[in-house]
Amino acid sequence: MNAELELGLERRIGKRSAAVIEKHLGITTVGGLLDYFPRRYLSRGELTPISEVPLDEEVTLIARVVSNSTRPMRARRGSLTDVVISDDAGAGTSARPPGARLPGTLKVSFFNGFRARAELQPGRRAMFSGKVTRYGGSLGLTNPDFLLLDEDPDAPGMDPEKLAAMPIPVYPATAKLTSWSIQKVISTLLDTIELDTLGDPLPAAIVAREKFLPVAQAYRLIHAPQTPADWQRARDRFRYQEALVLQSALARRRAQLAAEEATARRPLTGGLLASFDRQLPFTLTAGQSAVGKTLAAELAQDSPMNRLLQGDVGSGKTIVALRAMLQVVDAGGQAALLAPTEVLAAQHFESIRRTLGPLSRDGMLGGFGPDAVQVTLLTGSLPAAARKQAMLDAASGTAGIVIGTHALLSENVSFYDLGLIVVDEQHRFGVEQRDVLRSKATKPPHLLVMTATPIPRTVAMTVFGDLETSVLDELPAGRAPISTHVVGLAEHPAWATRIWTRSREEIDAGHQVYVVCPKIGTDDDGDFSPGEAEPSAADLEGENGSRELASVTGVVEYLRDEPALAGVPVAPLHGRQDPALKSGTMASFTANETKLLVSTTVIEVGVDVHNATLMVILDADRFGISQLHQLRGRVGRGGLPGTCLLVTTLEPGHPSRRRLDAVAATTDGFELSQEDLKLRREGDILGASQSGGRSTLKLLRVLEHEDLIARARQDAQQIVAADPSLAGHPGLAAAIDDYLNPEKEAFLERG
Ligand code: ADP
Ligand code: MG
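Shown next, in the form of structure tokens:
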């Protein structure tokens, strides 16, 4: 613990300032205020480009006063002072119509602005703080706070050239507390605390290797730089420090998890897994075998496996998971598979039983032995009696593999000996829920998390930093490629009917078709599952509100009269249907009775019907990049080439059309996911588990600072391996404790 950092602010900056800081910034300790870093820096000698100032948020800018005039208010008492300020961008522009506003100017109005009237004389430079708003055609700033720069008391008698180069820190300010008031308080703090006694969270060897500033100097320079190079060096150091603290926390968490005691589930010679491997109709890909070996070895350990398996859509994750489950069953334990939706759970149940063939035993004829395993489906929509039986089977151990949705998490579900939890499609599944399931085993179970959304390495290292990662980076051989086309109805209206004749051709060839719509009915808001991270096109661009979008019920009705599809069995599927209806529809589609399925994104993940070869996505511009990628992964799965048509009524060149073009241009899920992440905010990437939905990372950007995060991770791994308790690194240990406030601790626990 670093006593100085823990100290209450009032002890160093006085009661009044401390109260102000607590009220406006919520900061109460010395360490908290020291770590309140500037968001950016203005150059004292340069004016802020006014055209780049964002509207409607608190901003701090430097400008030159052009004019100052005061007049009495018309309707009430008092006066109005109008000050025009400029960034000099329009200086020298002579040919302009009389009365036109100069480019790069801003009108600043003060009510009863006596100080503004007196001080903001033409030619003076000042820093302004407030919200820039637009009224009429022009930009304005009303009653801002300001600080005359020429009289800045901070730098008396400084060489003018040096002074001009001196950066001014800009702190995240509030309407009531300007950036320069914050700066002043922090400057007092820097003068009163014993900076040089601070322990350094970074090991000396790393500081030397990276040529980082010592911590005390870094604090001084990030808050009070003399030159731009000063704050850049300070920021580099703190950014790395942030990465190291986070990665050390994760490394320690990994070490702690590894130290927990789990039941070893050793492979059994001549067991179910061996029989299963013998009857597999295909050979595993190299990746599947390699990951399989890793999992087999980790399950055989008496410390819990905690692994993330990433693999693009169709890369064959389910087989990998199933083989792990069989190893656990062979060793006498149970395995649970958690799916994000009922449809997917039912699909998994069907396809796993099909894949197991004679090795799967269901029904009441109890027990699992060396020759077969009972696979049980447990979802909320089961009829009460079946649900009760499924729960009994889970609790008694009769069920070797239990497949379900979050219904598995309900309190009255228990297991006899839960050895492995597999979570499918992680991005739809809350982290807390995984934890509840973990708690269902007496000893920590082994955990395998699977995700089809390729996660950039650094995000994986940060968000899933306490899980080891495996990647399936190839698709099974013989997988037919999916060709994707953008169907632009704006420029080719005739294609609207061509879609249905194309579908008919596919069906006549014996295949099946998915049609995906963004909405369920003609007057609802769609079928997006709650908590879905995917931004819709509307979220991204705020457009399209008025157009009638394709809906499941609307399209089913329309297709009834579509001549090209006469006599074709068509069925609707969406999340608002009765679960029994849903599973009946899926079963009929799987059995190739229904030829054309009109659905919402309920089929987005995991659904596996080999005979489906064409997917038509209507109003495709309403979906996000990775959602489209997931969706099209439903076709081309059975060795038959797949086709995906992205239908849109948007004009070519529309931003959302470019997203469709990106999806059509590549089938590389990783590339697409990078593209997608660029469109999202950092907080979305890190997930809601970050406190308050706001990224807690200060200087670190997970997409930008990949090398740095990788380096920090490696350093952290070494530090923790050599010194698990961090006894030799008190500064780092303290920084971790500080970082892991209870909320953040929970985030890591859940990671
Ligand atoms: P995903 O990773 O998207 O969950 P799945 O596990 O559903 O992929 O596998 C997609 C399809 O590929 C399934 O039908 C599965 O049976 C098949 N498959 C898996 N592994 C192989 C393989 N090695 N060779 C051929 N087909 C495979
Ligand atoms: Mg899957």
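Using the working numbering, read the sequence shown as starting at 756 and increasing by one per residue.
Positions of the beta carbon are idealized from the N, C-alpha and C atoms, including for glycine.
*State the CB to CB distance for the pair P1022 and A1055, rounded to an integer number of angstroms; the pair is presumed to be in contact (CB under 8 Å).*
Along the sequence shown, one-based indexing puts residue 1022 at 267. Along the sequence shown, one-based indexing puts residue 1055 at 300. That belief holds up - the Cβ atoms of P1022 and A1055 are roughly 7 Å apart, short of 8 Å.
Exercise for review: Tell me whether E1261 is buried or exposed, calling it buried when 16 or more other Cβ atoms sit within 10 Å of its Cβ.
Suggested key: Locating residue 1261 in the sequence shown gives position 506, where the first residue counts as 1. E1261 is buried by the Cβ-count criterion.
- prompt: What is the residue span of the alpha helix (DSSP H) that G1047 lies within?
  reply: Translated into the one-based positions of the sequence shown, residue 1047 becomes position 292. Taken as a continuous stretch (DSSP letters only), the alpha helix (DSSP H) holding G1047 covers 1041-1054.
- prompt: Quick one: any contact between the stretch 1041-1061 and the stretch 1010-1022, if contact means 3 or more CB pairs under 8 Å?
  reply: yes
**Asked** Per DSSP, S798 forms a beta bridge with which residues?
**Response** Locating residue 798 in the sequence shown gives position 43, where the first residue counts as 1. The partner list for S798 (beta bridge, DSSP) reads P922.
*When the Cβ atoms of the stretch 972-983 are set against those of the stretch 998-1009, are three or more pairs found closer than 8 Å?*
no
- Which class does L780 belong to by DSSP, given the choice of helix, strand or coil? Counting from 1 along the sequence shown, the entry for residue 780 is found at position 25. Three-state DSSP puts L780 in a helix.
Between I1358 and the ligand ADP, is the CB less than 6 Å from at least one heavy atom? Position 603 of the sequence shown holds residue 1358. Result no, Cβ not under 6 Å from the ligand ADP.
Taking DSSP as the reference, what is the three-state secondary structure of L762? Within the sequence shown, residue 762 is the residue found at index 7, counting from 1. L762 falls in the coil class under three-state DSSP.
I817: which of E1180, I805, T943 sits nearest, CA to CA? Working through the sequence shown from its first residue, we reach residue 817 at position 62. If we check each option's Cα against that of I817, I805 comes out closest.
So what's Y1269 in DSSP terms, helix, strand or just coil? By 1-based counting over the sequence shown, the position of residue 1269 is 514. Residue state, collapsed to three classes: strand.
- Among all the DSSP beta bridges, which residues are the ones paired with K862? On the sequence shown, position 107 is the one that residue 862 refers to. K862 is bridged to V839, G895.
**Report entry** For V1191 and T1349, the rounded distance between their alpha carbons
**Finding:** Counting from 1 along the sequence shown, the entry for residue 1349 is found at position 594. Counting from 1 along the sequence shown, the entry for residue 1191 is found at position 436. T1349 and V1191: Cα-Cα distance of roughly 38 Å.
Q. Within the present structure, is the beta-carbon of V1068 separated from the nearest heavy atom of the ligand ADP by less than 6 Å?
A. Indexing the sequence shown from 1 puts residue 1068 at position 313. V1068: yes, Cβ under 6 Å from the ligand ADP.
So is the beta-carbon of W1072 under 6 Å away from any non-hydrogen atom of the ligand ADP? Start at 1 with the first residue of the sequence shown, and residue 1072 comes out as number 317. Here residue 1072 turns out to be Lys, not Trp, going by the sequence shown. For the ligand ADP, at least one heavy atom lies less than 6 Å from the Cβ of K1072.
beta-carbon T1040 near the ligand ADP non-hydrogen atom, thresh 6 Å: The count along the sequence shown starts at 1 and reaches residue 1040 at position 285. Because some heavy atom of the ligand ADP lies under 6 Å away, the Cβ of T1040 counts as near it: yes.
Worksheet entry | Test item: CB-CB of T836 and G868 under 7 Å | Taking the first residue of the sequence shown as position 1, residue 836 is located at position 81. Taking the first residue of the sequence shown as position 1, residue 868 is located at position 113. Yes, these two residues count as a Cβ contact at 7 Å.
query = Between F1344 and the ligand ADP, is the CB less than 6 Å from at least one heavy atom?
reply = The residue you call residue 1344 lines up with position 589 of the sequence shown. No.
* Among the residues of its own chain, which have a CB less than 6 Å from the CB of P1396, if the five just before and after it don't count? -> For the purposes of this step, residue 1396 is taken as residue 641 along the sequence shown, with counting starting at 1. Answer for P1396: A1235, listed in chain order.
Kindly examine the ligand ADP and report whether one of its heavy atoms sits closer than 6 Å to the Cβ of P1396. If you number the sequence shown from 1, residue 1396 lands on position 641. Checking every heavy atom of the ligand ADP against the Cβ of P1396, none is found closer than 6 Å.
Item to complete: Mind checking which residues open and close the beta strand (DSSP E) that includes I1237?
Response: As a working note, residue 1237 is residue 482 in the sequence shown. Taken as a continuous stretch (DSSP letters only), the beta strand (DSSP E) holding I1237 covers 1237-1243.
Q.
Between S1225, L1230, K1143, which has its C-alpha nearest F1037's C-alpha?
A. Taking the sequence shown and counting its residues from 1, one reaches residue 1037 at position 282. Looking at the Cα atoms, L1230 is the closest of the given residues.
Report task. For G1112, name the three-state secondary structure that DSSP assigns. Result -> The count along the sequence shown starts at 1 and reaches residue 1112 at position 357. Note: G1112 maps to helix in three-state DSSP.
Provide the residue(s) that pair with D900 in DSSP beta bridges, ordered along the chain.
Within the sequence shown, numbered from 1, the residue matching residue 900 stands at position 145. D900 pairs with S884.
**OP:** Rounded to whole angstroms, what's the CA-CA distance from T1093 to L1163? Just pull it up for me.
**Re:** For this step, residue 1093 is matched to residue 338 along the sequence shown. For this step, residue 1163 is matched to residue 408 along the sequence shown. One point to set straight first is that residue 1093 is Leu, not Thr, in the sequence displayed. Straight-line Cα distance between these residues: approximately 8 Å.
Out of D843, T888, P983, which one is the CA nearest neighbour of P922?
The residue given as residue 922 occupies position 167 in the sequence shown. When each option's Cα is compared against that of P922, the closest is P983.
Consult DSSP for L1481 and reduce its assignment to one of helix, strand or coil.
Here the question's residue 1481 lines up with position 726 in the sequence shown. Note: L1481 maps to coil in three-state DSSP.
Which of the three DSSP states, helix, strand or coil, is assigned to R819? Start at 1 with the first residue of the sequence shown, and residue 819 comes out as number 64. DSSP places R819 in strand when its eight states are reduced to three.
Exercise. Using a threshold of 7 Å, state whether the C-beta atoms of L1175 and N1061 are closer than that.
Key: Along the sequence shown, one-based indexing puts residue 1175 at 420. Along the sequence shown, one-based indexing puts residue 1061 at 306. Cβ atoms of L1175 and N1061: not closer than 7 Å.
Taking C-alpha atoms, which residue in V1270, P1273, R1259 lies nearest to G1322?
Sequence index remark: in the sequence shown, residue 1322 carries index 567 (1-based). Here the closest residue by C-alpha is R1259.
### Query
To which residues does DSSP link V1128 through a beta bridge?
Sequence index remark: in the sequence shown, residue 1128 carries index 373 (1-based). Answer is S1115, bridged to V1128.
request  = Return yes when at least one heavy atom of the ligand ADP lies under 6 Å from the C-beta of R1392, else no.
outcome  = By 1-based counting over the sequence shown, the position of residue 1392 is 637. It does: the Cβ of R1392 is within 6 Å (strictly closer) of some heavy atom of the ligand ADP.
| query | When you compare only the Cα positions, how much space is there between E1303 and E1180? | reply | If you number the sequence shown from 1, residue 1303 lands on position 548. If you number the sequence shown from 1, residue 1180 lands on position 425. Roughly 31 Å between the two C-alpha positions.
How should Q1267 be labelled, buried or exposed, when 16 other C-beta atoms within 10 angstroms of its C-beta is the threshold for buried?
-> Position 512 of the sequence shown holds residue 1267. Label assigned to Q1267: buried.
Selected residue, minimal CA-CA separation from D914, among A881, Q981, F901: The count along the sequence shown starts at 1 and reaches residue 914 at position 159. Comparing Cα positions, the closest option is Q981.
key: N-terminal and C-terminal residue of the alpha helix (DSSP H) that P1334 is part of   = Counting from one through the sequence shown, the residue named residue 1334 turns up at place 579. Segment 1334-1345, the alpha helix (DSSP H) holding P1334.
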